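According to my numbering, the sequence shown is numbered sequentially starting from 1.
Written out below as structure tokens is the structure these notes cover.
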Amino acid sequence: MRDNYQPFNIGQRLTIAPPNNTPDDKERIQIIMDRGAFGSGEHETTQSCLEILETLPTVENQKIMDLGSGTGILTIATMLLNPGRAWCIDIEQAAVESGQRNCRLNGVDEYITHVCGTLEQLEEENFNLILANIYGDILLDIAENLVEKAAPGALLLLSGILWEYNFDVRQKYQKLGCRLIKNRLLNEFSTTILQKD
1 MRDNYQPFNI GQRLTIAPPN NTPDDKERIQ IIMDRGAFGS GEHETTQSCL
51 EILETLPTVE NQKIMDLGSG TGILTIATML LNPGRAWCID IEQAAVESGQ
101 RNCRLNGVDE YITHVCGTLE QLEEENFNLI LANIYGDILL DIAENLVEKA
151 APGALLLLSG ILWEYNFDVR QKYQKLGCRL IKNRLLNEFS TTILQKD
């Protein structure tokens, strides 16, 4: 499966492509993915996040956290759309290595810190953008810590949430002082974007 796939478009501006691909459309932003088992753009939650990321306002020198970063696709897209500094966190060493490899392929690796571990192990805080494409029950468990890591006015893009967890996740984060910006119900999962007041 790795490296032998056809490029495909997501949203208005992004194209996912294998290494050594020659872009057809110079107007689109090409994200190079050396595919692994940790998310390469096909899943509805990843696509939903990417579609939202390309609509977000520009933030100067933004700090990004990507929790459950996998291949790094969401961080890479964010960095290509609106550069800043990013911290990618994943509990799987193989995912961390996949993310490092893909960040190098896209020329953004010098701006990204990779952490193999959990949210508690991350000392950085005051993030302007938090990305978490992970399961809804985990988002409920870590809600307080995740909101604490966010700067005032930060956006939290949460996905990987099965429909059955959608209401509980929204309610929990809203009780912690976040305002709902958008809630998207997909085929099985959902994506929610909130802003910390």
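Note that the Cβ used here is the ideal one computed from N, Cα and C, for glycine as well.
Since the structure is predicted, the reported quantities are computational estimates derived from the model, not experimental observations.
Check your understanding: Any contact of the segment 147-167 with the segment 95-113, i.e. 3+ C-beta pairs under 8 Å?
Key -> No, the segment 147-167 does not touch the segment 95-113.
Review point. Expressed to the nearest angstrom, what Euclidean distance is found between the alpha-carbon atoms of K182 and L146?
Key: Along the sequence shown, one-based indexing puts residue 182 at 182. Along the sequence shown, one-based indexing puts residue 146 at 146. Approximately 18 Å between the Cα atoms of the pair.
Exercise for review: Please state whether DSSP places A22 in a helix, a strand or coil.
Suggested key: Within the sequence shown, residue 22 is the residue found at index 22, counting from 1. Correcting the residue type first, residue 22 is Thr in the shown sequence and not Ala. T22 falls in the coil class under three-state DSSP.
Exercise for review: Name, in chain order, the residues that DSSP records as bridge partners for C178.
Suggested key: Along the sequence shown, read from residue 1 onward, the residue named residue 178 stands at position 178. K196, per the DSSP bridge assignment.
Check your understanding: Start and end of the beta strand (DSSP E) containing M65?
Key -> Within the sequence shown, residue 65 is the residue found at index 65, counting from 1. Taken as a continuous stretch (DSSP letters only), the beta strand (DSSP E) holding M65 covers 62-67.
Review point. Secondary structure at D90, three-state DSSP: helix, strand or coil?
Key: In the sequence shown, counting from the first residue as 1, residue 90 sits at position 90. In the structure shown, D90 sits in a strand (DSSP, three-state: E or B).
Review point. With 16 other CB atoms within 10 Å as the buried threshold, where does T113 fall?
Key: As a working mapping, residue 113 is identified with position 113 in the sequence shown. T113 is exposed by the Cβ-count criterion.
Check your understanding: Contact between the segment 113-132 and the segment 55-72: three or more CB pairs below 8 Å?
Key -> Touching, per the Cβ criterion.
Point to revise | Completely contained alpha helix (DSSP H) runs for the segment 30-56, where each covers 4 or more residues | key: Taking 4 residues as the shortest admissible run, the segment 30-56 contains the following complete alpha helix (DSSP H) segments, listed from N- to C-terminal end: 44-53.
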